[in-house]
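*Asks:* Here you go, one structure.
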Amino acid sequence: MMGSDVASRFGRNLARARRRAGVSQEELCSLSSIHRTEVSQLERGLRVPRIDTLVKLRDGLGVETDELLAGIRWRVGDYRPGGFIAEEGERR
Numbered sequence: 004m005m006g007s008d009v010a011s012r013f014g015r016n017l018a019r020a021r022r023r024a025g026v027s028q029e030e031l032c033s034l035s036s037i038h039r040t041e042v043s044q045l046e047r048g049l050r051v052p053r054i055d056t057l058v059k060l061r062d063g064l065g066v067e068t069d070e071l072l073a074g075i076r077w078r079v080g081d082y083r084p085g086g087f088i089a090e091e092g093e094r095r
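Rendered as structure tokens:
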């Protein structure tokens with residue numbers, strides 16, 4: 004999942020949780036001390052939240068963090084550091 008996919012998924016989760024709580028974006032801003040434009044950008048998937056913003060949203064909505072992060076996973080991949088190789092052989 005690429006960064007924009009994570010932002011989109013988080014935005015959908017946030018909007019769903021906000022509607023389920025029955026609050027407007029402006030009400031959520033008051034409850035979580037976050038500017039309305041930031042909430043709008045988060046819900047539209049234009050950005051991902053910092054950890055402090057995530058906590059404010061979670062507590063403002065009265066939901067578990069898992070609800071806001073639903074469907075966002077980390078997949079372990081291979082990491083192979085590269086490096087230079089000095090090959091032996093004839094120089095021209």
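Its first residue numbered 4, the sequence shown is counted upward by one per residue in my numbering.
Glycine included, every Cβ here is placed at the ideal spot set by N, Cα and C.
In this text, all values refer to a predicted model and were calculated from it rather than measured experimentally.
1) Does the Cβ-Cβ distance between L71 and L57 come in under 9 Å?
2) With DSSP as the reference, label S36 as helix, strand or coil.
3) Check for me: the alpha helix (DSSP H) holding E70 runs from which residue to which?
4) Can you find a CB in chain D that lies within less than 9 Å of the CB of V79?
5) Please list the terminal residues of the continuous alpha helix (DSSP H) segment that includes V26.
*Replies:* If we stick to the structure as given:
1) Taking the C-beta atoms as reference points, L57 is found nearer than 9 Å to L71.
2) Reduced to three states, the DSSP call for S36 is coil.
3) In the DSSP assignment, E70 falls within the unbroken alpha helix (DSSP H) covering 68 to 71.
4) Checking the listed chains, one finds no chain D in this structure; it contains a single protein chain.
5) Looking at the DSSP string, V26 is not in any alpha helix (DSSP H), and its letter there is neither H nor E.
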